[in-house]
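S.K.: These protein sequence lines map, in sequence, to chains A, B and C. Here the first sequence is numbered in our numbering, starting from 18 and rising by one per residue. Here the second sequence is numbered in our numbering, starting from 2 and rising by one per residue. Here the third sequence is numbered in our numbering, starting from 689 and rising by one per residue. Note that the Cβ used here is the ideal one computed from N, Cα and C, for glycine as well.
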Amino acid sequence: MDAILLQILNGLDKGSAYALIALGLTLIFGTLGVVNFAHGALFMIGAFCAVTLQKIFNLSYEVIDETQTDFLGNPLKVKTPYVESWFGPEMGATIIDWSVPLSILFAIPIMLMVGYVMERGLIKHFYKRPHADQILVTFGLAIVLQEIIKYFFGANPIQTPPPAALSGSVDLGLALGFDPNAIVYPIWRLVYFLFAVVIIGGVFSFLQFTTFGMVVRAGMADRETVGLLGINIDRRFTIMFGIAAAVAGLAGVMYGPLNPPNYHMGMDFLVLSFVVVVVGGMGSLPGAVLAGFLLGILESFASTTWATTTIPGINQIIIYLVAIIVLLTRPRGLMGRKGVMEE
Amino acid sequence: MLGLNKKDTSLLIVVAILTLLAPFILNPFPSDSAMAQFNAGYPDLMQRFVIFGIFAIGFNILFGLTGYLSFGHAAFLGVGSYSAVWMFKLLSYNVIPAIALSVVVAGLFSVLIGYISLRRSGIYFSILTLAFAQMSFALAYSVLSNPKFNLTNGETGLQVYADDPQILQGANAPDLPHLFGLPMRATYTMDVGAWSFDFNAGYYLCAVIMMVVFYLAIRIFRSPFGMMLRAVKSNQQRMNYTGLNSKPYTLAAFVISGMYAGLAGGLMAAMDPLAGAERMQWTASGEVVLMTILGGTGTLIGPVLGAGFIKYFENIFSKINDNVLHSWFAFLPDGLEDAVVFIIHPFIGKGWHLTLGILFMLVVIYLPGGLVEGGQRLLNWIRRKSVGGDDTREGKTEPAE
Amino acid sequence: MSNKSVTRRGVLKSGAVTSAGLALPTIFTASSAAAYTNEPTGGSVTLGFNVPQTGPYAEEGNDELLAQQLAVEHLNGEGDGGCLNTFTSKALKGNGILGKKVEFVTGDTQTKSDAARASAKSMIEKDGAIMINGGSSSGVAVAVQGLCQEAGVIFMAGLTHANDTTGKDKKANGFRHFFNAYMSGAALAPVLAKEMGTDRRAYHLTADYNWGWTQEESIVASTEAMGWETVNTVKTPLASTDFSSYIAPVLNSGADVLVLNHYGGNMVNSLTNAIQFGLLDKVVNGKDFKIVVPLYSELMAAGAGENIKGVLGSMNWNWQLQDEGTKAFVKSFGEKYGKPPSNSAQTCYAQVLLYADACERAGTFNPCGVVEALEGFEFDGLGNGPTLYRADDHQCFKDVLVVRGNMNPTNAYDTLEIVEITPRAQVEYAPDHPMFAGGELGKCNPGA
Chain A
18 MDAILLQILN GLDKGSAYAL IALGLTLIFG TLGVVNFAHG ALFMIGAFCA VTLQKIFNLS
78 YEVIDETQTD FLGNPLKVKT PYVESWFGPE MGATIIDWSV PLSILFAIPI MLMVGYVMER
138 GLIKHFYKRP HADQILVTFG LAIVLQEIIK YFFGANPIQT PPPAALSGSV DLGLALGFDP
198 NAIVYPIWRL VYFLFAVVII GGVFSFLQFT TFGMVVRAGM ADRETVGLLG INIDRRFTIM
258 FGIAAAVAGL AGVMYGPLNP PNYHMGMDFL VLSFVVVVVG GMGSLPGAVL AGFLLGILES
318 FASTTWATTT IPGINQIIIY LVAIIVLLTR PRGLMGRKGV MEE
Chain B
2 MLGLNKKDTS LLIVVAILTL LAPFILNPFP SDSAMAQFNA GYPDLMQRFV IFGIFAIGFN
62 ILFGLTGYLS FGHAAFLGVG SYSAVWMFKL LSYNVIPAIA LSVVVAGLFS VLIGYISLRR
122 SGIYFSILTL AFAQMSFALA YSVLSNPKFN LTNGETGLQV YADDPQILQG ANAPDLPHLF
182 GLPMRATYTM DVGAWSFDFN AGYYLCAVIM MVVFYLAIRI FRSPFGMMLR AVKSNQQRMN
242 YTGLNSKPYT LAAFVISGMY AGLAGGLMAA MDPLAGAERM QWTASGEVVL MTILGGTGTL
302 IGPVLGAGFI KYFENIFSKI NDNVLHSWFA FLPDGLEDAV VFIIHPFIGK GWHLTLGILF
362 MLVVIYLPGG LVEGGQRLLN WIRRKSVGGD DTREGKTEPA E
Chain C
689 MSNKSVTRRG VLKSGAVTSA GLALPTIFTA SSAAAYTNEP TGGSVTLGFN VPQTGPYAEE
749 GNDELLAQQL AVEHLNGEGD GGCLNTFTSK ALKGNGILGK KVEFVTGDTQ TKSDAARASA
809 KSMIEKDGAI MINGGSSSGV AVAVQGLCQE AGVIFMAGLT HANDTTGKDK KANGFRHFFN
869 AYMSGAALAP VLAKEMGTDR RAYHLTADYN WGWTQEESIV ASTEAMGWET VNTVKTPLAS
929 TDFSSYIAPV LNSGADVLVL NHYGGNMVNS LTNAIQFGLL DKVVNGKDFK IVVPLYSELM
989 AAGAGENIKG VLGSMNWNWQ LQDEGTKAFV KSFGEKYGKP PSNSAQTCYA QVLLYADACE
1049 RAGTFNPCGV VEALEGFEFD GLGNGPTLYR ADDHQCFKDV LVVRGNMNPT NAYDTLEIVE
1109 ITPRAQVEYA PDHPMFAGGE LGKCNPGA
């Protein structure tokens, strides 16, 4: 029982990342009809927003300390971050400690801008082009973006630890009456799940309850008619692209403390997020979220010892196996609309 | 000639000349000069050009004609490679049975995957093929290489060991892939002045096979069957309404292109008897998609150009390092030399991915029809220059089919 | 005019090829001028440095490349000479190799067997490289080693830790300076027993491919020999980026030690996840929970950051060693590049020097001469103390380090501290040890 609960938690957690990335991807499919292979790169850039902010906070001046030596035997240069000398050591240390949550504020404008520039500068010219061209150009863009990040930050992963208050784990099992150590779960993973719920809820209510969202939904259903009504739908779609980029970026910012960001993390998620979107059904936002959590949970269960001894290698192929089964039993994924990306 | 119209015949002849003379064409720079870095006429890369050319030609039969975008074609290439190496292990190093089996196995495998995947269309089809390929890759990498049942030898790649049966291996046969005694690695090097040209047996085997399959591709493109496939692409629904069942046609196209991929995989193993699981990964499937689009989807020669383009960058640009740069720009004053090297540095060596990414974007933005369109524009421009003014009709771009 | 037809199994068989070749059109049988593949004829000799420059191991590869460039400088008599001054063999004079200036070409392995073979082939076929050096995974090492055997050039492996490289996949033309999984187990076990006791229960997470399996096998064998119990061994897909679903059940399993048979990005993430789950703060079976990472590297340690504090593992070499060879190398690397070298960098550096030295001693670049000079070669002064290149399997034997994540690092480079230098005698094994069984070295192949 406790093992099952643990894997459900893990699944929700993996699912949160899948759902957030897939949500943005579906938004772009649904609104602009563009296959965006650079979406993983947006996730990665988000994570590197946190890395950058952490680096900014850690900008330091150097004082030579004659009492210590470095590896070559020269006097050691001791670094003190500027924030510590401006705000006092304690306040400074707290700011550095909270750099990941603070990065959310830092990342939102950056990601909106990145999304806006990407859409206006590049994607815009590809609306009428075949999907194949869209794939090629966005894939090229993804490579360029990730190589730029690699150029500045290197290929090695960079730790972006959570604030001390939110690191470590809690024993959830105690509250539910299990033995100690039965259900121990990291705090930041719980935070990540809650964060995903909030963002997903936010996007849905934005689309559901605002006029802007209503117009966008109408545009997704029938772009031409909305355009004929004299509404500048392109402009709104551009904004939606920015929002999709911001969602992917925020997913990346918050993901950093779970697994340290590296320049190819976007590519690692790219194929998976496409599978999630398609399993959910093209053009369906709830489908993408549902498929994200479903695949996350199934993946977690497939990696238990019980599953891998029953069917060797199931943990390697579960996502793809589920995708095949879903697509063969439900022609348009879980909640797909007819006619979207079917030709 | 050979049942082709005049235009296709000349295309085939041009391709034949280019492939047969490739050792000269690809080595334009004297081997001691600084520009020798850009020479691509060494056996391994020439082999790769034609092998990936075959792979892309086959992929284009499916994607270019029917519009079905398979994201899992590398699986067939990988299966082909594995079957070829197994033939080396069990029978002998002769490449003929190996290549034959690789085509057959890849064909059977693509019947299976194609039959299931073709029940869906559009992106659903793409994801189905992707899922099958990724499953094959994951299994080949780990589960199928466990000590009890070692089919693939995992990350190391399947290779021939000294204690393999090789029941047909003659006592005097070469101990490496060969064609009735002619080793695939036999290379004749011709030195002409400062130039050096490599003529490699394996390359010519691949080149001859490529010309044959290229000819087949032309025939398929021009046949009623090819017309039917195009009809699938332009409007499958209307086709279904006329009472035609399109599935046998698409499945046939899928299997043919799967066999092309298997052939490419078998040739890869024949040139270098090792089959690695990475050949089946999604990045490899993505690569052939990129090759085809980059070269020009639906054109005959485009995919070959795209394959050459990508392989050239992978193998040539990744080998340029700062030392090479310094030797090129040694004639500049010191400060300027460093500055130039500093500017170029991010784009070469370990930065070759960046260059490739930028080129993808540039090509697709400025040449919507891929490299083929670039070639046509160039040709038209030259024609306009030479004829002068008389370009009203000629200026229109046509697909090079 | 020359005819290059290269074979897999040595000189004897190449006679067969030549005779088979006689049946061919004369164009392919022009008489062979060169005695071996890529015999250097001009005033220079070309070495091929094949390292990952793209992909997750790019930093590792970059470090190897820097070290190899340094080695070339030292061979050509530039810089401060580095380990040439401490090396016990004095054959190298700082005037290149056998009087020829050393040049090098580089290639990108992408950490894929296929790509690595392609770049090695291009260095051999196009650039005339006489040896291939470097790499950062066992799959690549085995694949390229096979190629070099066929092509008739020398291969020096770089970072490869799987037993198979000098076990069932050993080749006469290949040598490995790096230690292996068996040695990690043999070196770690006594330290683990001393630090954690002999009645521990271990839980293994293992990367699901060849290297992971051999390491798991080695560590399980050596820890069980001293009394540990193995609770469970779980294979994790190489492509995994998140290990939460593998880590979560550990606390419930009754295990009190977690062994992470992961490398690179896998290890950074699995260790980070394990720390997140608070494993190190727990007490199980009345003992403090511990984590072991059998194979460490400096770059992984940097990637794992704070998480490695107190975690034990083993290494081939570390810049904090105090022998003369190490000091000389760290000094010249540090002064040139502003950071201490990693252990894979040191391996690649030492291999270039050893290759050059073997050529000098053999008086030829002929791979067979080099193999003969390296087989059974005993030396000192390149770090790690007295070292032997064993003739039976071309594995290098030297002291192995057991290291621990430093609790109080003073700078970015001393994140690992040396716990023990395990003497060579303790990690030695017979050439026919079951973990290395199968395969044959074959004969050296000079190509041509």
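Determine whether the Cβ of A57 of chain B lies closer than 8 Å to any Cβ atom of chain A.
M.R.: Against the second sequence, residue 57 of chain B aligns to sequence position 56. With 8 Å as the cut-off, A57 of chain B does not count as an interface residue toward chain A.
S.K.: Give the DSSP-derived three-state secondary structure of M191 of chain B in the structure shown.
M.R.: The count along the second sequence starts at 1 and reaches residue 191 of chain B at position 190. In this structure, M191 of chain B counts as strand in the three-state DSSP scheme.
S.K.: Along the segment 906–928 of chain C, what residues have a CB closer than 8 Å to any CB found in chain B?
M.R.: Hits within the stretch, in order: K923, P925, L926, A927.
S.K.: Name, going along the chain, the residues of the segment 72–99 of chain A whose beta-carbon falls closer than 8 Å to a beta-carbon of chain C.
M.R.: Per Cβ criterion, the list reads Q85, D87, F88, L89, L93.
S.K.: With a cut-off of 8 Å, does the C-beta of R146 of chain A fall near any C-beta of chain B?
M.R.: Here the question's residue 146 of chain A lines up with position 129 in the first sequence. It does; some Cβ of chain B falls within 8 Å.
S.K.: Check whether the segment 268–276 of chain A and the segment 315–335 of chain A touch, using three or more Cβ-Cβ pairs below 8 Å as the test.
M.R.: Not touching, per the Cβ criterion.
S.K.: Just to make sure I have the definition right: I need the residues of chain C whose C-beta is within less than 9 Å of the C-beta of L171 of chain A. Which are they?
M.R.: Taking the first sequence and counting its residues from 1, the one referred to as residue 171 of chain A is at position 154. For clarity, residue 171 of chain A is Gly in the given sequence; the question names Leu instead. Residues of chain C passing the Cβ test: A746, E747, N750.
S.K.: Using a cut-off of 8 Å between C-beta atoms, extract the partners of Y43 of chain B located in chain A.
M.R.: Numbered from its first residue, the second sequence carries residue 43 of chain B at position 42. The contacting residues do not exist; Y43 of chain B stays about 26 Å from chain A at best.
S.K.: If I measure Cβ to Cβ from T714 of chain C and keep anything under 7 Å in the same chain, skipping five residues before and after, which residues do I get?
M.R.: The residue you call residue 714 of chain C lines up with position 26 of the third sequence. With a pLDDT of only 32 at T714 of chain C, under 50, the local geometry of the prediction cannot be trusted, and the value read off the model is given with reservation. Excluding residues within five positions, none has a Cβ falling inside 7 Å.
S.K.: Taking only beta carbons into account, state which residues of the segment 284–299 of chain B come closer than 9 Å to chain D, listed in chain order.
M.R.: Any reference to chain D falls outside this structure, whose protein chains are A, B and C.
S.K.: Helix, strand or coil for I715 of chain C, going by three-state DSSP, please let me know.
M.R.: To locate residue 715 of chain C, count along the third sequence from 1; it is residue 27. Only weak support is given to the placement of I715 of chain C: the predicted model assigns it a pLDDT of 35, under 50, and the value that follows is read from those uncertain coordinates. Here I715 of chain C sits in helix by DSSP.
S.K.: Taking L8 of chain B as part of the alpha helix (DSSP H), name the residues at either end of that continuous run.
M.R.: On the second sequence, residue 8 of chain B is found 7 positions in, with the first residue counted as 1. A small fix is needed here, since residue 8 of chain B is Lys in this sequence, not Leu. Note, K8 of chain B: alpha helix (DSSP H), 7–21.
S.K.: Is there at least one Cβ from chain C nearer than 8 Å to W205 of chain A's Cβ?
M.R.: Residue numbering aside, residue 205 of chain A sits at position 188 when the first sequence is read from its first letter. Interface residue, yes.
S.K.: Could you name the residues that DSSP lists as bridge partners for T894 of chain C?
M.R.: Position 206 of the third sequence, counted from the start, is the residue given in the question as residue 894 of chain C. C:K923, C:N949.
S.K.: Rounded to whole angstroms, what is the Cα-Cα separation between L363 of chain B and G352 of chain B?
M.R.: Position 362 of the second sequence holds residue 363 of chain B. Position 351 of the second sequence holds residue 352 of chain B. Rounded to whole angstroms, L363 of chain B to G352 of chain B spans 17 Å at the Cα level.
S.K.: Name, going along the chain, the residues of the segment 880–903 of chain C whose beta-carbon falls closer than 7 Å to a beta-carbon of chain B.
M.R.: For the segment 880–903 of chain C, which is checked against every Cβ of chain B, the residues closer than 7 Å are D896, Y897, N898.
S.K.: From the DSSP output, which residues share a beta bridge with H179 of chain B?
M.R.: For the purposes of this step, residue 179 of chain B is taken as the residue at position 178 of the second sequence. Answer is B:N95, B:P184.
S.K.: What are the residues that DSSP puts in a beta bridge with M271 of chain A?
M.R.: Position 254 of the first sequence holds residue 271 of chain A. M271 of chain A pairs with nothing; no bridge assigned.
S.K.: Starting from the Cα of G171 of chain A, find the closest Cα among C:Y745, C:D1080, C:F867, C:G795 and give me that residue.
M.R.: Against the first sequence, residue 171 of chain A aligns to sequence position 154. The candidate whose alpha carbon is nearest that of G171 of chain A is C:Y745.
S.K.: Against chain B, with Cβ distances strictly below 8 Å, would V733 of chain C count as a contact?
M.R.: Here residue 733 of chain C refers to the residue found at position 45 of the third sequence. No, no contact with chain B.
S.K.: For the alpha helix (DSSP H) that contains W196 of chain B, what are its first and last residues?
M.R.: By 1-based counting over the second sequence, the position of residue 196 of chain B is 195. First-last for W196 of chain B: 196–201, but that is the beta strand (DSSP E), not the alpha helix (DSSP H).
S.K.: Starting from R120 of chain B and walking both ways along the alpha helix (DSSP H), at which residues does that stretch end?
M.R.: Working through the second sequence from its first residue, we reach residue 120 of chain B at position 119. Here R120 of chain B belongs to no alpha helix (DSSP H), and DSSP marks it neither H nor E.
S.K.: Report the three-state DSSP secondary structure of S224 of chain B (helix, strand or coil).
M.R.: Position 223 of the second sequence, counted from the first residue, corresponds to residue 224 of chain B. Coil.
S.K.: Reducing DSSP to helix, strand and coil, say where T293 of chain B ends up.
M.R.: What you label residue 293 of chain B is simply residue 292 of the second sequence in a count that begins at 1. Here T293 of chain B sits in helix by DSSP.
S.K.: Check each candidate in B:N6, B:L63, B:T10 and name the one with the smallest Cα separation from I294 of chain B.
M.R.: Position 293 of the second sequence holds residue 294 of chain B. Minimum Cα distance to I294 of chain B is reached at B:L63.
S.K.: Within the continuous beta strand (DSSP E) that includes V938 of chain C, where are the two ends?
M.R.: For the purposes of this step, residue 938 of chain C is taken as the residue at position 250 of the third sequence. V938 of chain C -> no beta strand (DSSP E), and no H or E assigned at all.
S.K.: Check whether the segment 104–113 of chain B touches the segment 171–178 of chain B, counting contact only when three or more Cβ pairs, one atom from each stretch, lie closer than 8 Å.
M.R.: Touching, no, given that fewer than three Cβ pairs across the two stretches are closer than 8 Å.
S.K.: Give the range of the alpha helix (DSSP H) segment to which Y870 of chain C is assigned.
M.R.: By 1-based counting over the third sequence, the position of residue 870 of chain C is 182. Y870 of chain C -> alpha helix (DSSP H) spans 869–884.
S.K.: Could you name the residues of chain A that L140 of chain B contacts, counting a contact when the two beta carbons are closer than 9 Å?
M.R.: Residue numbering aside, residue 140 of chain B sits at position 139 when the second sequence is read from its first letter. The answer, in chain order, is G330, Q333, I334.
S.K.: One question on the structure: do G834 of chain C and K788 of chain C come within less than 8 Å of each other, judged by their Cβ atoms?
M.R.: By one-based count along the third sequence, residue 834 of chain C stands at place 146. By one-based count along the third sequence, residue 788 of chain C stands at place 100. No, they are not a contact pair.
S.K.: Buried or exposed for W103 of chain A, going by 16 or more other Cβ atoms inside 10 Å?
M.R.: On the first sequence, position 86 is the one that residue 103 of chain A refers to. So W103 of chain A counts as exposed.
S.K.: Assuming contact is defined by CB atoms lying nearer than 8 Å, are Y984 of chain C and V1091 of chain C in contact in what I supplied?
M.R.: Here residue 984 of chain C is taken as the residue at index 296 of the third sequence, counted from 1. Here residue 1091 of chain C is taken as the residue at index 403 of the third sequence, counted from 1. Going by C-beta atoms, Y984 of chain C is nearer than 8 Å to V1091 of chain C.
S.K.: Please confirm if V187 of chain A has its CB atom under 8 Å from at least one CB of chain B.
M.R.: Taking the first sequence and counting its residues from 1, one reaches residue 187 of chain A at position 170. Chain B contact via Cβ: absent.
S.K.: In angstroms, rounded to a whole number, what distance separates the CA positions of A285 of chain B and H346 of chain B?
M.R.: Position 284 of the second sequence, counted from the start, is the residue given in the question as residue 285 of chain B. Position 345 of the second sequence, counted from the start, is the residue given in the question as residue 346 of chain B. Whole-angstrom Cα-Cα distance: 27 Å.
S.K.: Whole angstroms are fine: how far does the CA of L26 of chain A sit from the CA of L193 of chain A?
M.R.: The residue you call residue 193 of chain A lines up with position 176 of the first sequence. The residue you call residue 26 of chain A lines up with position 9 of the first sequence. Cα-Cα distance, rounded: 14 Å.
S.K.: State the DSSP-derived secondary structure class of V841 of chain C, mapped to helix, strand or coil.
M.R.: Within the third sequence, residue 841 of chain C is the residue found at index 153, counting from 1. It is coil, neither helix nor strand.
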